[in-house]
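Let me begin by presenting the structure, written as structure tokens, before commenting on it.
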Amino acid sequence: MKIDLIFAAGNKGRRDFHGKTVVVIDVLRATSTIVTALTNGCLAIYPVADPGTAALFRRQLGSDCLTGGERQGLKISGFDLGNSPLEYTAETVAGQRIILTTSNGTRALLEAEHAAEILIGSFLNAGRTSSYLLAKEEVVFFCAGTNGEPGLEDLLCAGLMTDRLLAGGRAAELTDAARIGLVTYRHLLGRPETDLVTVLSQAQHAKGLAALGFVDDITYCAQLDTRPCLVCFRDGRITMVPGSNNASEA
Ligand code: MLT
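So the sequence shown is residues 39 to 288, counted in our numbering.
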């Protein structure tokens, strides 16, 4: 199999996603929030580019939906929810559809269009996602990063999934970018005594979130394989793959 990695939204360059499986990763916090919402009973998430599009889309969908997202890490004025996964409880999101716009995560998702398949990756569902990827020939980890720059948290998650693919026995050809993700993961998290929360807290974006009072989000997003499901983005909507939410398969 071939494994590639993109460091940040806006950096896909001349890549062609046709025939490839793209895994979009925004550990802090968009993809962790998406996985949380769907495993808490949200029906579907519609990623959009900006708050104006979210408002228009809401009028089309009708009152029976919520708006969520952030700019500069904070809830957007007039929106129902911010981008903290801790807000997306079953009480709030079960049975709901959510229109979501975030600074980098939803941008990466929208840039991944035309891929054969688009999956949503986070530490929460990394094991389930990488076991599914074992059957694929071409995988691209599309890290959202921050404002065009790589984010340590996303690289680590992509590196972890790459490590699991290699451990799963597939012969793999890695691009240099994918190798950087793998080496970063193995260097910082490859030993059993390493602590994901501690390492994640060193990321620049984590420090920014902590300064805004979102320390608990970092701890939450650092949970490994606690929500073992497959989440896909197809035809404008993000949903959980039916029957994929199975802890034994993680
Ligand atoms: C993003 O899309 O840039 C993030 O999810 C920002 C955040 O932490 O809310």
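Each residue gets a CB set at the ideal place from its N, CA and C atoms; glycine is no exception.
Small disclaimer: the values here were computed from a predicted structure and weren't measured.
The C-alpha of G51 lies about 22 Å from the C-alpha of D88. In the DSSP assignment, I114 forms no beta bridge with any residue.
For A75, the closest of V60, L104 and A93 by C-alpha to C-alpha distance is L104.
The three-state secondary structure of A249, taken from DSSP, is helix. Put simply, the backbone Cα of A210 is about 6 Å away from that of K40. Taking one beta carbon from each stretch, the stretch 252 to 267 and the stretch 156 to 167 have 3 or more pairs nearer than 8 Å; the two touch. Per DSSP, reduced to three states, the secondary structure at F179 is strand. In the three-state DSSP reduction, C195 falls in the helix class (H, G or I). Cβ neighbours of T144 within its own chain (closer than 8 Å, five residues either side excluded): A68, P85, V86, A87, G107 and L138. Annotation for T140: A68, G107, E108 and N121 place their beta carbon closer than 6 Å to its own, counting only its chain and skipping 5 residues before and after. A direct Cα-to-Cα measurement between T222 and L194 gives close to 6 Å.
In this chain, the beta strand (DSSP E) harbouring E155 covers E155 to G159. Assigned with DSSP and collapsed to three states, Y126 falls in coil, not helix or strand. If you keep only unbroken alpha helix (DSSP H) runs of at least 4 residues inside the stretch 206 to 273, you get 214 to 227, 234 to 239, 242 to 249 and 253 to 259. A direct Cα-Cα distance of roughly 19 Å separates G197 from A150. If you compare the alpha carbons of G57, T59, D54 and D64 with that of A46, the shortest gap goes to D64.
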